Amino acid sequence: MPSNKSESSASRAVRVPKRPHASDSLPPSSIHFKEGVKEENESDVGPPKKKTKTGRPVNKIPKSKLPSKERIDRYAKSLRKALEDSRLPADKRKTWKDTTLDRDILVRYKDTARWAARVISPFLVVSYSFPLALRISKSDEHGLCELTKEAEERADEFTRDQALRLYGLMKWRLPQFMEFLPTFQTSTEMKDLFFDILDFMTTKVMSARSCDVGVLRYESMHYLVPYRDYNAPSPSYGRKHQRGFVNIVTGRMLCPQNKLDDFDQNPEEFCLAARNGDIEVSAEDLPSYLYDQDDCNPQDILKGLLRGPFLVKCFRHVFTGKQSACKTSNGPSDSTRSLAKSNRMACVQSYHIVYVGILARFLLNSQKTWKTEDEKFDMTEYHNVLLELFAENKTWAEETLEWWNRRVFSIKPKGSYDGHESAFSLIMKRFAGADANHDPASKPL
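Under the UniProt record's numbering, the residue at position 123 of the sequence shown is numbered 123, and the numbers go up by one with no gaps.
As structure tokens, this is what we get:
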């Protein structure tokens, strides 16, 4: 009779939860449809796992059989230790060999927050938006939201939408956290832990933005082309304060599209006036880098909007990898590592485009460090202006997203044949016409 030893040891093995799908690309309503769906062993929590010689983590007691209170206490203890360690300087943190610390417990929180920066907002404050979402969605029966009713009512449409998108994202990618929401109100210590987690996620939102800016800070200068006899800043030239309206090429990219003719008449004079504040550039003045200058039309301000080559190259660099940035053909590169692949990003949505639009504005200006304001240009207002373009014109938004999906992922609209009729479609039309003209009564018996 075969031994059951292998089966019993297998039952004790704790499998590492699979990474969740990147459903955050979906609208909130679609994410909410996934409510209650959890990965197998998603509820497993507890102390650091001992490892066998093969490297497989094992526990003497299956965690699924632990009492609920003990599971919560272990989870909270592991979280608290990991958060305390994350606040220390890098040289004072515990080593990876320290078995008393479970760093992996924060990985999902970090990954979720970093992805939220790219699909919701680079200005997202998780410690504000998530409690707001609890209040808006009527899910705050545990009293975790400390916002007043007046503060909730003051939140504008974009802030509320971002809060609900964050709620949907966390509900899908952090089901364990959502499961333990009721326990965070059981004591002051647990409530402090709740806000410590949200503060940690807010720092990871900022780190994602900083990471993407760092990747593009100098590489993006390769994507600029000379203008007349003027050259773009060299990628190896580390002085970012020489960009913006100090440089003619970057100045023209930042010039409002409706003032481009004035710029072309005398570029140096225009840049000087912009630096002196004689020409105001606000968030509602859409800069020329957003446009495809070969396709734009002075009589139609929407023509070519959000199709600028510099914007597309920066987008590809961030989401589908550096190798795809300068591709002339549609579709991603063959790179096995990219944000799109690691997060299972299947299509381009408005928030992705707006995120890169914000990064591109900072890359072109002369600010040394990230700031939300550049003279009278407010980045947060600019973010909302770009989102409002998609919200106010559904037809234009659909056409723009179709263009981006075809360009980045080679996704064609259903039934599209690039403007021509295929042989198959012509044959099917002929068959349909023949069937319509066919008289069943004339068919021989």
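All C-beta atoms, glycine included, are put in the ideal place defined by N, C-alpha and C.
Small disclaimer: the values here were computed from a predicted structure and weren't measured.
- DSSP, reduced to helix, strand and coil, places P175 within a helical segment of the structure shown.
- Straight across, the Cα-Cα distance linking D285 with L386 is about 11 Å.
- Put simply, the backbone Cα of S129 is about 24 Å away from that of V348.
- Taking S137 as the centre and dropping the five residues before and after it, the same chain places the C-beta of L164, Y167 closer than 8 Å to its C-beta, in chain order.
- The beta carbon of P235 lies closer than 6 Å to those of Y218, M221, H222 in the same chain, with the five residues before and after it left out.
- Counting only residues of its own chain and dropping the five nearest sequence neighbours on each side, F158 has a CB closer than 7 Å to the CB of N384, L387.
- Excluding sequence positions up to five before and after E381, its CB lies within less than 6 Å of the CB of A283, all in the same chain and listed in chain order.
- Sorting V213, L216, M170, K341 by C-alpha distance to the C-alpha of L134 places M170 at the top.
- DSSP, read as helix, strand or coil, puts F184 in helix.
- Ranked by Cα distance from G244, the first of T400, D300, R275 is R275.
- Assigned with DSSP and collapsed to three states, N297 falls in strand.
- Taking each of K69, L181, L224, F200 in turn and checking the Cα distance to L311, the smallest one comes out for L224.
- For Y237, no alpha helix (DSSP H) segment is defined, and its DSSP state is neither H nor E.
- At a Cβ-Cβ threshold of 8 Å, A76 and L216 do not count as neighbours.
- In this structure the region 312 to 325 lies against the region 341 to 358, because at least three pairs of beta carbons, one per stretch, are closer than 8 Å.
- Only residues of its own chain outside the window of five on either side were considered, and among them none has a CB closer than 6 Å to the CB of G433.
- Within a 10 Å sphere around the beta-carbon of H241 sit fewer than 16 other beta-carbons, which makes this residue exposed.
- Look at L79 here: in three-state DSSP terms it is helix.
- Residue pairing for L305: DSSP places it in a beta bridge opposite Y291.
- Taken through DSSP and simplified to helix, strand or coil, E189 comes out as helix.
- By the Cβ-count criterion, K204 is buried, with 16 or more other Cβ atoms from all chains shown falling within 10 Å of its own Cβ.
- M253: member of the alpha helix (DSSP H) spanning 248 to 254, first to last residue.
- The straight-line gap separating the alpha-carbon atoms of Q257 and D300 is approximately 11 Å.
- Inclusion of C296 and K313 in the CB contact set at 8 Å is not warranted, their separation being larger than that value.
- With fewer than 16 other beta carbons inside 10 angstroms of its own, T186 counts as exposed.
- Restricting attention to T400, W404, P267, L363, the CA atom closest to the CA of P332 is found in W404.
- Rounded to whole angstroms, the gap between the alpha carbons of L260 and L306 is 16 Å.
- In this model, C211 and D111 are separated by some 13 Å (Cα to Cα).
- By the criterion of a C-beta distance shorter than 7 Å, V354 is surrounded in its chain by H383, L386, L387, once the five residues flanking it on both sides are discounted.
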